[in-house]
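Down below is the structure, laid out as structure tokens.
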Amino acid sequence: MALGPFNPQHKLLWHHEKASALLRGERIWPVMAELDCASHCNQACKWCSFLPIHTFGLLSWEVLDKLLHDFQDVGLRAINWTGGGEPTLNPNLGRALILAKKLGIENGLYSNGQLLTKELCNEIVMSNVWFRLSLDAGNAATYSTLHRTKPKVFDSILRSLRYMVRVREETNSPITLGAGMLVCRENVEEIRQAV
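Take the sequence shown: its letters are residues 1 to 195, numbered as in UniProt numbering.
The structure is reproduced here in structure tokens:
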């Protein structure tokens, strides 16, 4: 079996010291944590499994600050900001990303992109290793149908992504910017268009 970048065994090899410590019976901490800083969403995507259970909740700055410092104390290397809600709904997100980077923790962020402002785009580009936008369509009509938003949202998130590309180039940021596409019956014919 080839050990490509998506093979879980490949990741184990990258963190062999943790695996060895575990085998010796030592207490180890995770290398990466997924953090849900918002438990609700501003969209209602057709496939969302969290939709029926969304409740309004945000991690406060005090909680985020403590978590990030605790993560640093145990040697956490990365945070995947994602989850059962839309991370950009939390007004503390940009500040938390910057603090995590300052503490030596790498950031990765999933977002639907609807609430991206220039300020937040700048904070993301300067503090993240990667950012993935949930695009899921090749045009505004399909996006609107799948994400249950107004069609103008599609153009807005594309503008934000273009802005982030420009900031990345101007600042020489190493961030990897990407767009994801959950393929379904409604968008399968738009894969080329989305690329």
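From the three backbone atoms N, C-alpha and C, an ideal C-beta is built for every residue, glycine too.
Quick check: the Cα distance between residue i and residue j, rounded to an integer number of angstroms?
i: Leu-58; j: Thr-176; result: 27 angstroms
i: Arg-95; j: Glu-26; result: 34 angstroms
i: Leu-109; j: Thr-82; result: 6 angstroms
i: Asn-187; j: Ile-28; result: 43 angstroms
i: Phe-131; j: His-69; result: 22 angstroms
i: Ser-49; j: Ser-173; result: 34 angstroms
i: Tyr-163; j: Lys-66; result: 32 angstroms
i: His-85; j: Arg-185; result: According to the sequence as given, residue 85 is Gly; it is not His. Going from the Cα of Gly-85 to the Cα of Arg-185 covers about 24 angstroms.
Less than 8 angstroms between the beta carbons of residue i and residue j, yes or no?
i: Val-129; j: Asn-107; result: yes
i: Ala-78; j: Met-126; result: no
i: Leu-116; j: Ser-144; result: no
i: Gln-43; j: Thr-149; result: yes
i: Pro-87; j: Cys-45; result: no
Who does residue i pair with in a DSSP beta bridge?
i: Tyr-110; result: Arg-132
i: Trp-81; result: Leu-35 and Leu-109
i: Leu-76; result: Leu-76 pairs with nothing; no bridge assigned.
Indicate the three-state DSSP secondary structure (helix, strand or coil) for residue i in the structure shown.
i: Glu-186; result: coil
i: Thr-176; result: strand
i: Leu-67; result: helix
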